[in-house]
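Student:
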Amino acid sequence: MQVNKVEICGVNTSELPVLKNKQMKELLLQIKNGDEEARQQFVRGNLRLVLSVIKKFNNRGENIDDLFQIGCIGLIKAIDNFDLSQNVRFSTYAVPMIIGEIRRYLRDNNPIRVSRSLKDIAYKALQVRERLIRTNSKEPTVSEIAKELELEVESVVMALDAIQDPISLFDPVYQDNGDAIFVMDQVQDKKDTDENWLQEISLKEAIKKLNSREKLVLDLRFYKGRTQIEVADEIGISQAQVSRIEKNALKNMRKYV
């Protein structure tokens, strides 16, 4: 895939404009008021964002024009769902949606083999997440995890999203000096049977305390392997709402487990 290609889908990428934050806020306000011209200007001003995301998929052997079009769909969805009242940069909100749209396209059209490097990043990100939860007693943001790993936010999002695909229990998720850690090692319960049985009972009791929407979100996320973006699309709410419901549900469950 030629990621340095100048023209993609008839768009000369070398001439794409870059919008300043003030311009973006003004255009978003106009878009919310139904200004179609502002919408077109905003989309064009963020095509470089799509281009930067599809470069992350340069080892897939996919047609760059196809990925660019799919990425633009993710961009438009981000524009439609972005909440101006939240103190979040548009790019921070849009990148996971663009990645999610591309990954869904790849999943639907090709069987994906998660690369070793992505698994390594995901495993390290999960380790950092657990450490930050213990230290700060709260769920860390992806930005905080990325900062700890000295990686771009996009790389961490893509790695965590990748391991949510169905994978074999015998797939290595991390390897250091020849010692592999397998998916099976992460899900296998190493405690004795009685304690395991008691934990299972307490887990079921904790789930009973959740409301129907919390149960649905957790079922889609952890049993059916959906990403937050996919869950949002499926039940008709925003990604931010899915994240909030998921965090509240897990927080409530921790009281009983």
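Numbering (the numbering used here), first residue to last: 32 to 288.
Note that the Cβ used here is the ideal one computed from N, Cα and C, for glycine as well.
1. Please state the DSSP three-state secondary structure of G267.
2. Is the distance from the Cβ of Q270 to the Cβ of A263 below 8 Å?
3. By how many angstroms is the C-alpha of R134 removed from the C-alpha of F88?
4. Return the first residue and the last residue of the alpha helix (DSSP H) that N77 is part of.
5. Is the Cβ-Cβ distance between I130 and V81 less than 8 Å?
6. Starting from T258, follow the alpha helix (DSSP H) in both directions and report where the run begins and ends.
7. Could you give the DSSP three-state label for F113: helix, strand or coil?
8. Determine the burial state of P48: buried for a count of at least 16 other Cβ atoms within 10 Å of its Cβ, exposed for fewer.
9. Could you tell me the distance, in whole angstroms, from the CA atom of K246 to the CA atom of R252?
10. What does a CB cutoff of less than 8 Å around N283 pick up in its chain, not counting 5 residues either side in sequence?
11. Helix, strand or coil for N89, going by three-state DSSP, please let me know.
12. Going straight from the alpha carbon of D220 to that of T166, what length do you get?
13. Express the C-alpha separation of S83 and E161 in angstroms, rounding to a whole number.
14. For L98, which of K86, A109, K108, I107 has the nearest alpha-carbon?
15. Cα-Cα, which of S122, T172, I101 is closest to M51?
16. Can you tell me whether L58 is buried or exposed? The criterion is at least 16 other CB atoms within 10 Å of its CB, across all chains shown.
17. For E170, which three-state DSSP category applies?
18. I'd like the list of long-range same chain contacts for I176, defined as Cβ closer than 8 Å, with 5 residues on each side in sequence excluded.
Tutor: Looking at the atomic coordinates:
1. coil
2. yes
3. 9 Å
4. Here N77 belongs to no alpha helix (DSSP H), and DSSP marks it neither H nor E.
5. no
6. From DSSP, T258 is part of no alpha helix (DSSP H); its letter is neither H nor E.
7. coil
8. exposed
9. 10 Å
10. A237, K240, L241, E245
11. coil
12. The predicted model places D220 with a pLDDT of 41, which falls under 50 and marks its position as unreliable, so this point remains unresolved.
13. 29 Å
14. K86
15. According to the sequence provided, residue 51 is Lys. The question's Met does not apply to it. Of the listed residues, the one whose Cα sits closest to K51 is S122.
16. buried
17. coil
18. A156, V159, R160, L163, V187
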